[in-house]
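Protein chains in written order, with this note's numbering: chain G, 714 to 976; chain H, 326 to 647.
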Amino acid sequence: MHVHFTDQYRSGSSLVHRLDPRIKVLCTLAFILTAALLPPGEWIHYGLLLIVPLLGVVVAGIGPGYLLKRSFIALPFALAAITLPFTVPGPQVTLPILGLTVSIEGAVRFVSIVLKSWISVQMAILLVTTTTFPDLLWGLRALHVPRVLVSVVGLMYRYIFVLADEATRLMRARAARSGEVEGHQSGGGIAWRGRVAGGMVGSLALRSFERSERIYDAMVARGYTGEIRHFAPPALSADDYTILVTLLAYLALVLATGLLFAR
Amino acid sequence: MLFLPVQSPPQLHIPDGFLSVPVAAAGWIVAAICIGYALLKTRGQLGEKQIPLMGVLAAFIFAAQALNFPVAGGTSGHLLGATLAAIVVGPWAAMLIMTSVIGLQAILFQDGGLLSLGWNIVNMGILGAFTGYGVYQFARRVTGDGRTSLIVAGALGGWLSVMLGAAATAAQLALSGAAALSIALPAMLGVHALIGVGEALITAGALLFINATRPDLLRAGRAATGSRSAIWVLLALVIALGLALVSPLASPDPDGLNRVAADLGFDSEAQAAPYEILPGYSMPLIENPNLTKIAAVGIGTLVVFGIAFVIGRIGARKKIAA
Numbered sequence: 714m715h716v717h718f719t720d721q722y723r724s725g726s727s728l729v730h731r732l733d734p735r736i737k738v739l740c741t742l743a744f745i746l747t748a749a750l751l752p753p754g755e756w757i758h759y760g761l762l763l764i765v766p767l768l769g770v771v772v773a774g775i776g777p778g779y780l781l782k783r784s785f786i787a788l789p790f791a792l793a794a795i796t797l798p799f800t801v802p803g804p805q806v807t808l809p810i811l812g813l814t815v816s817i818e819g820a821v822r823f824v825s826i827v828l829k830s831w832i833s834v835q836m837a838i839l840l841v842t843t844t845t846f847p848d849l850l851w852g853l854r855a856l857h858v859p860r861v862l863v864s865v866v867g868l869m870y871r872y873i874f875v876l877a878d879e880a881t882r883l884m885r886a887r888a889a890r891s892g893e894v895e896g897h898q899s900g901g902g903i904a905w906r907g908r909v910a911g912g913m914v915g916s917l918a919l920r921s922f923e924r925s926e927r928i929y930d931a932m933v934a935r936g937y938t939g940e941i942r943h944f945a946p947p948a949l950s951a952d953d954y955t956i957l958v959t960l961l962a963y964l965a966l967v968l969a970t971g972l973l974f975a976r
Numbered sequence: 326m327l328f329l330p331v332q333s334p335p336q337l338h339i340p341d342g343f344l345s346v347p348v349a350a351a352g353w354i355v356a357a358i359c360i361g362y363a364l365l366k367t368r369g370q371l372g373e374k375q376i377p378l379m380g381v382l383a384a385f386i387f388a389a390q391a392l393n394f395p396v397a398g399g400t401s402g403h404l405l406g407a408t409l410a411a412i413v414v415g416p417w418a419a420m421l422i423m424t425s426v427i428g429l430q431a432i433l434f435q436d437g438g439l440l441s442l443g444w445n446i447v448n449m450g451i452l453g454a455f456t457g458y459g460v461y462q463f464a465r466r467v468t469g470d471g472r473t474s475l476i477v478a479g480a481l482g483g484w485l486s487v488m489l490g491a492a493a494t495a496a497q498l499a500l501s502g503a504a505a506l507s508i509a510l511p512a513m514l515g516v517h518a519l520i521g522v523g524e525a526l527i528t529a530g531a532l533l534f535i536n537a538t539r540p541d542l543l544r545a546g547r548a549a550t551g552s553r554s555a556i557w558v559l560l561a562l563v564i565a566l567g568l569a570l571v572s573p574l575a576s577p578d579p580d581g582l583n584r585v586a587a588d589l590g591f592d593s594e595a596q597a598a599p600y601e602i603l604p605g606y607s608m609p610l611i612e613n614p615n616l617t618k619i620a621a622v623g624i625g626t627l628v629v630f631g632i633a634f635v636i637g638r639i640g641a642r643k644k645i646a647a
């Protein structure tokens, strides 16, 4: 497995790419918070929010097509809220197509949840497509996420590709040994299959354990003393401040009007 | 065959948009406190090995979540991994490992939201690690040291950790007004009763393998920090969750709640979601209704957790003294 199968970063030198990671993380969080605070049924305001990630991908030169394609990732979870139109009390309408009776308030709330979720995920996608993962970690560290946690995630990121490769080899080895003739049962029952997969997981666990020992030894040999050092954060540029202030002001405006004109 | 770790086990990663801000904030508070404590605990236990060991094991859990086995009709059994990690390295280290896994999935793959990350960490990482570990330790104590005991304890721990995470997720969705608890809870538990079987089988299989190859690792896990407090932390979490689940059921009549709110002078809260932990609760010092809600839900969760934890610790002391 290679980095480009999983890492969504698209290199570039646009304004969005050049923004300080701290600013990008803050903007993303503020955006998602705004979306969450907007009351249900504020369709115009959802549209105003959607403009931000769309503008972002256009400026970054990524193209909205990619964003749209990725953004449906969280959609299956909508199932969790699908009962709202049928359970929320209030005035009801009967749908002309299926003859279902749904509550208006419930339907509005359901569609709002799905839309908000869809809009929020676009901003998160914009963040990772325009920021390299080491930069992102550095931004989180500068924003006072605990140092150990950031280092652990950093080391983890370094090794997911190595261990995912090992997992792929385990799966390939199993597939190579699992002959199947159509119409005949092959292998054991579910418990047997589960145990085989468990054995693979256990084997991967031991290899990871031993690998971590070797990595630790290698780190000590290179002078590791228990601390991973980071660069001191550089000063923010004028562009950084402009973007941060503009976006926060815009979000505040959208939120204020959204709350003010809430039905 | 293309390897896609992006397809991790679905449905427990809550995306953004589903949780209300007060509920999401409460999750972040609980997660932050637990993570802070776990960082201290593992620092003492692992020392300077903390970062390499937990980093590589987090990568391992991430990769292991993609190892699956075919069940039937195109579905497959998966691993979440909190139980296995907790049994091998102890609950506090496992909690941090799961936090890293869930955090990376949210940031890098949008597998779960950023506002909802707090609860996702609690549901799958903290609850998962402590349930799995507590149940495993308890079952081992009851069933002895044999191979069967290992299978039963690992499978039970894995299954229950998934079920508890599912129940917690349903409760948070209900509290946010994103689903009706009467439907979400049975639906989540029903689906995850099956998903949990995959977790149980893989956990037990992995433990058998580790026991046959490196039995010392399992003994080290039993001696890890937090093994004594694990059961009490678990108890505290379960009680807190139980109360959160019961609270909306206890007063299913929203009109009644509104009347109580009006009687007590909290009219501003009248348009609140039908399910809330402290319905109509507000603090006189805070004027902003949203801040009030955040404070109310956060404090409520913490108080319940705190009380349960203290009761648990007192119980533990008595037992040790006796």
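Each residue gets a CB set at the ideal place from its N, CA and C atoms; glycine is no exception. Every value quoted in this text rests on a predicted model; they were computed, and no experiment measured them.
Under DSSP, H:Thr528 takes part in no beta bridge, so it has no partner.
Note on geometry: alpha-carbon atoms of G:Gly892 and G:Glu926 lie some 37 Å from one another. G:Leu763 has its alpha-carbon roughly 30 Å from the corresponding atom of G:Pro804. In the displayed model, G:Val958 falls within a helix according to three-state DSSP. Listed along chain G, the residues sitting closer than 7 Å to H:Gln435 by beta-carbon distance are Ile786, Ala787, Val834, Ala837, Ile838.
Distance between G:Gln721 and H:Gly438, taken at the CA atoms: about 17 Å.
In this structure, G:Val865 sits near H:Ile376, with a CB-CB distance shorter than 8 Å.
Counted as a single uninterrupted DSSP element, the stretch harbouring H:Val396 is not any alpha helix (DSSP H), since DSSP gives it neither H nor E. Against G:Ala749, the close residues of chain H are Asp341, Gly342, Leu344, Ser345, Val346, Ala349, Leu440, in the order they occur along the chain (beta-carbon pairs closer than 8 Å).
Comparing alpha carbon positions, the residue from G:Ala945, G:Thr955, G:Ile826, G:Val770 closest to G:His857 is G:Ala945. Annotation: the continuous beta strand (DSSP E) that includes G:Val806 extends over 805-807.
Any Cβ of chain H closer than 8 Å to the Cβ of G:Glu879 would place that residue at the interface, and such an atom is present. In this structure, DSSP gives G:Thr845 a state outside helix and strand, which the three-state scheme calls coil. Under the three-pair Cβ rule at 8 Å, the segment 337-347 of chain H counts as touching the segment 430-448 of chain H.
Residue contact check for G:Lys829 against chain H: a CB pair falls below 8 Å. Nearest to G:Ser899 by C-alpha distance, out of H:Phe385, H:Ala397, H:Phe387, H:Leu337, is H:Ala397. Distances from the alpha-carbon of H:Tyr461 to those of H:Gly352, H:Arg544, H:Cys359 put H:Arg544 closest.
DSSP places G:Thr814 inside the beta strand (DSSP E), whose first and last residues are 814-816.
As the crow flies, the alpha-carbon of G:Phe823 is around 17 Å from that of G:Ile786.
Residues of chain G whose Cβ lies closer than 7 Å to the Cβ of H:Ile376 are, in chain order, Val861, Ser864, Val865, Leu868, Ile941. Rounded to the nearest whole angstrom, the CA to CA distance from G:Ile903 to G:Ala888 is 16 Å.
Chain G has no Cβ within less than 8 Å of the Cβ of H:Gly521. By the 16-neighbour rule on beta-carbons within 10 angstroms, H:Phe534 is buried. The beta-carbon distance between H:Ala504 and G:Thr796, rounded to whole angstroms, is 6 Å. This is short enough to meet the 8 Å contact definition. Using a CB distance below 8 Å, the part of the segment 376-395 of chain H facing chain G consists of Ile376, Pro377, Leu378, Met379, Gly380, Val381, Leu382, Ala383, Ala384, Phe385, Phe387, Ala388, Ala389, Ala391, Leu392, Asn393, Phe394, Pro395, ordered along the chain. In chain order, Val729, His730, Ala773 place their CB closer than 6 Å to the CB of G:Thr843, counting only its own chain and leaving out the 5 sequence neighbours on each side. For H:Ser501, the number of other beta carbons within 10 angstroms of its own is at least 16, and it is reported as buried.
Boundaries of the alpha helix (DSSP H) harbouring G:Gly911: 903-934, taken from the DSSP string. By the 16-neighbour rule on beta-carbons within 10 angstroms, G:Phe846 is buried. Just so you know, the alpha carbons of H:Phe387 and H:Ala407 end up roughly 11 Å apart. Ranked by Cα distance from G:Ile956, the first of G:Gly778, G:Thr747, G:Leu768, G:Ile757 is G:Leu768. Against G:Ala904, the close residues of chain H are Leu526, in the order they occur along the chain (beta-carbon pairs closer than 8 Å).
Excluding five sequence positions before and after H:Ile527, the CB atoms of its chain that fall closer than 7 Å to its own CB belong to Gly402, Leu404, given in chain order.
Among the residues of the segment 469-492 of chain H, none has a Cβ less than 8 Å away from any Cβ of chain G. Around H:Tyr362, the same chain offers Trp417 as residues with beta carbons nearer than 8 Å, after the five sequence neighbours per side are excluded. With contacts defined by Cβ atoms closer than 8 Å, G:Ala749 and H:Ala349 form a contacting pair.
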